[in-house]
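Undergrad:
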Amino acid sequence: MTADRDKAVATDVAEGVLKVMRTRGISSLPRNYELVYEFLNATNAALVRRFNALDKLPTQAQLDEVGRDFLPHHHGMSAVATANRGASAALKDLIGLFEQEQSGMRSYANLLDQSREKLSESGKASIEAIAHLANLLSSATGDTKKNGETAIRHIVESAEEIAHIKTELSEYKRLAAIDPLTKLANRRSFDERLANIFDSNGNSKSHALIVVDIDRFKKFNDTYGHPVGDSVLCVVSRVMKKCLPNEAFVARTGGEEFGIILEGVDQTTALELAEKIRLQTELTPLRDQRTGADYGAITVSIGLCMADDANNAEDLYINADKALYLSKGSGRNQTQTHSPRSEGRQRHKRLTGRS
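In case it helps, my numbering puts the sequence shown at residues 256 to 610.
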């Protein structure tokens, strides 16, 4: 794909999303844009059916219900907001307790000052007055101690609540960054990680981007149904995690496409890992564990680009996608490397005769 073609496709998609939102009266909220985009992308048949079943002018509650069912991070972001509100409320209560205790201590200090003044005049005061003052101080001291103990207990409870909310918040953010089917990072996380490869001056370290696309994925869905298609995605995900080092970043970036970011590697190492994934995928059987049915071999096409061969994150992704596009056009089940120093690309042929 050329950069112009990518931009044209992106423009068409954006216009399509806006058109659907306008004609159906959908408000311009970020989560609504994402929902309509997934509907138009049509990679999830169940989501498409649910969206089509909505009223002609759906309410926000109806849209959010679909979003929560099919876009887990859609729900997660709402939960993050709830957790944030909970943390803010707990902190506000905690500050209130401190202010209340501070006010009580000021009152007690004032009482001590008044008592000191009266006791300094004890030669003129009656025994009854001194006894009354002693009782007053004793009562105030007891109340202050009791209030202090209560405040400490509330502070501990508030601190525990804040710690619990913080844990929930971290978990919601983690879930919002994960693809629910494959348990890999999702596109949002991938875009963030990709952008961090280059610093503000456009410099990058020894990084590699690998894009992987499952060959003839639509055939699996059309022939055997979406459950088998989901199994294919999970098989490829497991193969990638098995073949890659622990520090590699792996994400599901689209319907049947994945992105891998490798840090601190040279091109030879990156290519070896890409080929390892390709070969291991082809050798991994796809069978129904219940019936023993064999659905055939899974193959993947791969594109690779080193960060040194790109100007920025967008350029890096476009270059890797070009290499992937060439892999597809050259017969699939192979790895192509984008390399401007050797006429743009290097080809690595399949080790089998399968196309």
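C-beta: ideal position from N, C-alpha, C; glycine also.
Quantities reported herein were computed from a predicted structural model and do not represent experimental measurements.
What residue range is occupied by the uninterrupted beta strand (DSSP E) comprising Leu559?
TA: Note, Leu559: beta strand (DSSP E), 555-561.
Undergrad: Give the list of continuous alpha helix (DSSP H) stretches no shorter than 4 residues that lie fully inside the segment 532-588.
TA: The qualifying runs are 568-584.
Undergrad: Buried or exposed for Ser282, please, with buried defined as at least 16 other CB atoms from any protein chain shown within 10 angstroms of its CB.
TA: Ser282 is exposed by the Cβ-count criterion.
Undergrad: Under 8 Å: do the segment 429-441 and the segment 541-558 share three or more Cβ pairs, one atom per stretch?
TA: Because the criterion of three Cβ pairs below 8 Å is not met, the segment 429-441 and the segment 541-558 do not touch.
Undergrad: So what does DSSP say about Gly322, is it helix, strand or coil?
TA: Here Gly322 sits in helix by DSSP.
Undergrad: Using DSSP's beta-bridge definition, name the partner residues of Phe294.
TA: Paired residue(s): none; Phe294 is not in a bridge.
Undergrad: For the candidate residues Ile515, Arg279, Asp477, whose alpha-carbon lies nearest to that of Asp576?
TA: When each option's Cα is compared against that of Asp576, the closest is Ile515.
Undergrad: Just to confirm the assignment: which complete beta strand (DSSP E) runs, minimum length 3, are found wholly within the segment 484-521?
TA: Runs of the beta strand (DSSP E) inside the segment 484-521: 504-507, 512-518.
Undergrad: In whole angstroms, what separates the C-alpha of Ala431 from that of Arg533?
TA: Computed Cα separation, rounded: 29 Å.
Undergrad: Pull up the distance between the alpha-carbon of Ala308 and that of Val272, whole angstroms please.
TA: Ala308 and Val272: Cα-Cα distance of roughly 18 Å.
Undergrad: Rounded to the nearest angstrom, how far is the Cβ of Ser461 from that of Ala506, given a contact under 8 Å?
TA: The pair is not a contact, with the Cβ atoms about 20 Å apart (cut-off 8 Å).
Undergrad: With 16 as the cutoff for other CB atoms within 10 Å, does His481 come out buried or exposed?
TA: Classification for His481: exposed.
Undergrad: Can you grab the Cα-Cα spacing for the pair Phe612 / Phe306, in whole Å?
TA: What is shown of the chain runs 256 to 610, which leaves residue 612 out entirely.
Undergrad: Nearest-angstrom Cα distance between Pro595 and Lys311?
TA: Each residue's Cα considered, the two are about 51 Å apart.
Undergrad: Mapping the DSSP letters down to three states, classify Ala440 as helix, strand or coil.
TA: The answer is strand: DSSP assigns Ala440 an E or B state.
Undergrad: With DSSP as the reference, label Thr590 as helix, strand or coil.
TA: In the structure shown, Thr590 sits in a strand (DSSP, three-state: E or B).
Undergrad: Consult DSSP for Asp446 and reduce its assignment to one of helix, strand or coil.
TA: It is helical.
Undergrad: Can you look up Ala463 in the DSSP assignment and give me helix, strand or coil?
TA: Residue state, collapsed to three classes: strand.
Undergrad: Short check: CB of Lys496 to CB of Gln535, under 9 Å?
TA: Not a contact, by the Cβ cut-off of 9 Å.
Undergrad: If we ignore side chains and look at the alpha-carbon of each, how far apart do Gln315 and Lys583 end up?
TA: Cα to Cα, Gln315 sits roughly 41 Å from Lys583.
Undergrad: Going by Cα to Cα distance, which pick from Phe472, Leu449, Glu320 is closest to Asn566?
TA: Checking every option, the nearest Cα to that of Asn566 belongs to Leu449.
Undergrad: Across which residues does DSSP place Ile469 in a beta bridge pair?
TA: Ile469 pairs with Val555.
Undergrad: If we ignore side chains and look at the alpha-carbon of each, how far apart do Lys274 and Phe294 end up?
TA: Each residue's alpha carbon lies about 13 Å from the other.
Undergrad: Run through the DSSP bridge pairs and tell me what Ile433 is partnered with.
TA: Answer is Ala440, bridged to Ile433.
Undergrad: Taking the C-alpha atoms as reference points, what is the distance between Leu517 and Asp563?
TA: Those two C-alpha atoms are separated by around 13 Å.
Undergrad: For Glu270, collect the residues of the same chain with a Cβ closer than 6 Å to its Cβ; drop the 5 residues on either side in sequence, then sort them by chain order.
TA: Nothing meets the Cβ criterion.
Undergrad: Around the C-beta of Arg545, are 16 or more other C-beta atoms found within 10 angstroms, so that it is buried, or is it exposed?
TA: Per the 10 Å Cβ criterion, exposed.
Undergrad: Quick check: what's the CA-CA separation for Leu559 versus Gln591?
TA: Each residue's Cα considered, the two are about 6 Å apart.
Undergrad: Rounding to the nearest angstrom, what Cα-Cα distance links His593 and Arg279 in this structure?
TA: The straight-line gap from Cα to Cα measures roughly 43 Å.
Undergrad: Just to confirm my understanding: we take Asn476, look at its own chain, exclude 5 residues before and 5 after, and list those with CB closer than 8 Å. What are they?
TA: Taken in chain order, the residues that qualify are Val483, Gly484.
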